[in-house]
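Peer 1: Position 77 of the sequence shown, counted from 1, bears residue number 77 in full-length UniProt numbering, the numbering being contiguous throughout.
Where a beta carbon is used, it is the ideal one built from N, C-alpha and C, also for glycine.
One structure coming up, written as structure tokens, with questions to follow.
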Amino acid sequence: MFGSQPSFVMYDEEFKKINVVIERLLRESNSKVIFLVDKNGQLISAVGETEHMDTTSLASLTAGNIAATGGLAKLIGEKEFSILFHEGEKDNLHISIVAGRVILVVIFDQRSSLGLVRLRVKKASEELGRIFDELAKKTAETEKTNKMSPFAEITDDDIDNLFR
1 MFGSQPSFVM YDEEFKKINV VIERLLRESN SKVIFLVDKN GQLISAVGET
51 EHMDTTSLAS LTAGNIAATG GLAKLIGEKE FSILFHEGEK DNLHISIVAG
101 RVILVVIFDQ RSSLGLVRLR VKKASEELGR IFDELAKKTA ETEKTNKMSP
151 FAEITDDDID NLFR
């Protein structure tokens, strides 16, 4: 579905940058709610009218939806469907994969249009992609400096002393 992307650690600085981008997207696309979900279905962030929504289930089902449509894509010879759109009576869902790492979900109603949402999502996706690239580099650098296990400094003598 996403290839073999390494996991990443979310740092406060990048989390704030992500929220700035998705809050701007919410305003500029005139949407109701925006979610950012990781490939495992964990909610990263949500902005907008989330009070009456089960955000955990929405995040999980969105990841499942991406996985299912990924299977459909493979069956017809596509790598993936990077954008999905679901139209409802009142609300619509625009789902896209950002930088092959995360899922961006935009919920909007008649106050907006698919064209406006797609235009604003494209711009926001580029910004989010850059943030997630920074995050991946930061995570890789941190892993290099912390290559040793947190238990590497503990000797057998230390363990024996604990149980005496």
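At 3 residues or longer, what runs of the beta strand (DSSP E) sit wholly inside the UniProt domain "Roadblock/LAMTOR2" (18 to 108)?
Peer 2: You should have 33 to 38, 43 to 48, 83 to 87, 92 to 98, 102 to 108.
Peer 1: Are Phe81 and Arg101 closer than 8 Å when you measure CB to CB?
Peer 2: The residue given as residue 81 occupies position 81 in the sequence shown. The residue given as residue 101 occupies position 101 in the sequence shown. Cβ distance not < 8 Å, so Phe81 and Arg101 don't count as in contact.
Peer 1: Label Thr62 either buried or exposed according to how many other C-beta atoms from any shown protein chain fall within 10 Å of its C-beta, with 16 as the threshold for buried.
Peer 2: Taking the first residue of the sequence shown as position 1, residue 62 is located at position 62. Flag for Thr62 reads buried.
Peer 1: Are Leu58 and Phe85 close, meaning C-beta to C-beta below 8 Å?
Peer 2: Here residue 58 refers to the residue found at position 58 of the sequence shown. Here residue 85 refers to the residue found at position 85 of the sequence shown. Contact: no.
Peer 1: What's the C-alpha gap between Pro6 and Val117?
Peer 2: For the purposes of this step, residue 6 is identified with residue 6 of the sequence shown, where counting begins at 1. For the purposes of this step, residue 117 is identified with residue 117 of the sequence shown, where counting begins at 1. Confidence at Pro6 is low in this model, with a pLDDT of 49, below 50, so the placement of that residue is unreliable and no value is reported for it.
Peer 1: Using a Cβ-Cβ cut-off of 7 Å (strictly less than) and excluding sequence neighbours within five positions of Val43, which residues of its own chain qualify?
Peer 2: Here residue 43 corresponds to residue number 43 of the sequence shown, with the count starting at 1. One detail in the question is off: residue 43 reads as Leu in this sequence, not Val. Cβ within range, chain order: Phe35, Val37, Thr55, Thr56, Ala59.
Peer 1: Would you call His94 buried or exposed, if buried means 16 or more other Cβ atoms sit within 10 Å of its Cβ?
Peer 2: Here residue 94 refers to the residue found at position 94 when the sequence shown is read from its first residue. With 16 or more other Cβ atoms within 10 Å, it is buried.
Peer 1: State the CB to CB distance for the pair Ala99 and Leu128, rounded to an integer number of angstroms; the pair is presumed to be in contact (CB under 8 Å).
Peer 2: Against the sequence shown, residue 99 aligns to sequence position 99. Against the sequence shown, residue 128 aligns to sequence position 128. That pair is a contact at about 7 Å.
Peer 1: Whose C-beta lies closer than 6 Å to the C-beta of residue 165 among residues of the same chain, with five residues either side of it excluded?
Peer 2: The requested residue 165 is not part of the displayed model; the chain covers only 1 to 164.
Peer 1: Just the C-alpha distance for Val47 and Gly88, rounded to the nearest angstrom, thanks.
Peer 2: Indexing the sequence shown from 1 puts residue 47 at position 47. Indexing the sequence shown from 1 puts residue 88 at position 88. When rounded, the distance between both Cα atoms is 21 Å.
Peer 1: Do Ser45 and Ile83 have their beta-carbon atoms positioned less than 8 Å apart in this structure?
Peer 2: As a working note, residue 83 is residue 83 in the sequence shown. As a working note, residue 45 is residue 45 in the sequence shown. It is not a contact, given that the beta carbons lie outside the stated cut-off.
Peer 1: Go ahead and pull the three-state DSSP assignment for residue 240.
Peer 2: What is shown of the chain runs 1 to 164, which leaves residue 240 out entirely.
Peer 1: Please look up how many angstroms separate the CB atoms of Ile107 and Asp91, rounded, as I've assumed it's under 8 Å.
Peer 2: Taking the first residue of the sequence shown as position 1, residue 107 is located at position 107. Taking the first residue of the sequence shown as position 1, residue 91 is located at position 91. Their Cβ separation, rounded to whole angstroms, is 6 Å, which keeps Ile107 and Asp91 in contact under 8 Å.
Peer 1: Mind reading off the beta-carbon distance from Ser125 to Ser29? Whole number of angstroms is fine, and I expect it under 8 Å.
Peer 2: Within the sequence shown, the letter at position 125 stands for residue 125. Within the sequence shown, the letter at position 29 stands for residue 29. Incorrect: roughly 12 Å between the Cβ atoms, too far for contact.
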